[in-house]
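In my numbering, the protein residues as written are 387 to 638. Beta carbons are placed, not taken as given, at the ideal position from N, Cα and C, and that holds for glycine. These numbers come from a predicted model, not from an experiment. Written out below as structure tokens is the structure these notes cover.
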Ligand code: NAD
């Protein structure tokens, strides 16, 4: 269901999208919300209701209580495995097929863009399905368990942790530099389902605007407005993105 004000902004965006040469899409937890994955804004439920993500996703938390942190990530991994890509993810796959060049940058660690069929996804915050050693930071694919039942690195015996970027950690260099380069070269930049609170991803839309790109922000926090070159769309990505693609390429 598309609101009348969103519909009017989508009509303005159609010619811009059809002419765009290099589109960059930055996504956050909101694009996976319609797949049933909670964002960090949603309160944790059940067992996890007493914690905040910032307390669990840190090196300090892992050092203090590796069992707790390991269990929290195992719970998130189970949610992801049970989830499926939604219409928002699929619309970005279609968009990739229509525009000359698209770079998809995600802060999500769920791998749903890849499962939908997007290619070359730049994962700024890693992926829940991968693991690495807490001590030597190298990928781990097989492990043994210690007396506490925790997975240990086969090389050095260090504890095995998820290969995701925790609060206070650096982003992967290649992904970040490629995302920055694409952003400053883009003529159309989408920010989808991200609250823009986590740096450095939060700065990307501003860099795109500074370089003269059109920027479209879609989440549930903004009010719908069109103040070119900045457009804001309030609503669910799983409705808005497919509608935009349908209007831009009605015969496809
Ligand atoms: P966030 O939780 O801070 O913000 C979510 C944003 O999505 C909000 O702006 C909200 O209005 C919007 N939103 C919610 N439902 C939406 C929908 N259906 N359509 C469009 N927008 C919607 O998330 P963030 O900005 O990505 O940043 C927080 C961190 O959370 C990131 O580092 C990310 O790695 C991590 N995270 C990832 C996942 C995942 O991989 N699925 C889930 C939770 C958190």
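Check: Tell me where the alpha helix (DSSP H) around residue 459 begins and ends.; Outcome: 452-468
Check: Leaving out five residues before and five after residue 546 in sequence, what residues of the same chain have Cβ atoms less than 8 Å from its Cβ?; Outcome: 517, 518, 519, 520, 526, 529, 536, 537, 538, 539
Check: When the Cα of residue 446 is compared with those of 555, 428, 564, which residue comes out closest?; Outcome: 555
Check: For residue 520, is the beta carbon positioned less than 7 Å from some heavy atom of the ligand NAD?; Outcome: no
Check: So residue 582 and residue 416 are in contact, right, with Cβ under 8 Å, and what is the actual spacing, rounded?; Outcome: No, residue 582 and residue 416 are not in contact; Cβ-Cβ is about 11 Å, not under 8 Å.
Check: Of all the options 573, 461, 565, which has the alpha carbon lying nearest to the alpha carbon of residue 711?; Outcome: With the chain running from 387 to 638 in the structure shown, residue 711 is simply not present.
Check: Would you mind sorting residue 511 into buried or exposed? The rule is 16 or more other CB atoms within 10 Å of its CB.; Outcome: buried
Check: Threshold first: 4 residues or longer. Then list the alpha helix (DSSP H) segments lying entirely within the segment 532-564, N to C.; Outcome: none
Check: Quick one, which of 440, 611, 635 has its alpha-carbon nearest residue 394's?; Outcome: 611
Check: Report whether the distance from the Cβ of residue 496 to the nearest heavy atom of the ligand NAD is below 7 Å.; Outcome: yes
Check: Going by beta carbon distance, what residues of the same chain come within less than 6 Å of residue 495, once the five residues before and after it are set aside?; Outcome: 511, 512, 513, 514, 550
Check: I'd like to confirm something about residue 511: is its beta-carbon nearer than 7 Å to some heavy atom of the ligand NAD, or not?; Outcome: yes
Check: Just how far apart, CA to CA, sit residue 460 and residue 400?; Outcome: 41 Å
Check: In whole angstroms, what is the alpha-carbon distance linking residue 616 and residue 603?; Outcome: 8 Å
Check: If residue 620 and residue 608 are in contact, beta carbons under 8 Å, what's the gap, nearest whole angstrom?; Outcome: 5 Å
Check: Quick one: using the 10 Å Cβ neighbour count with 16 as the cut-off for buried, is residue 524 buried or exposed?; Outcome: exposed
Check: Out of 624, 605, 633, 636, state which residue places its alpha-carbon closest to the alpha-carbon of residue 470.; Outcome: 624
Check: Could you tell me the alpha carbon to alpha carbon distance between residue 397 and residue 557, rounded to whole angstroms?; Outcome: 36 Å
Check: What residue does the beta strand (DSSP E) around residue 411 start on, and which one ends it?; Outcome: 408-413
Check: Helix, strand or coil for residue 416 per DSSP?; Outcome: helix
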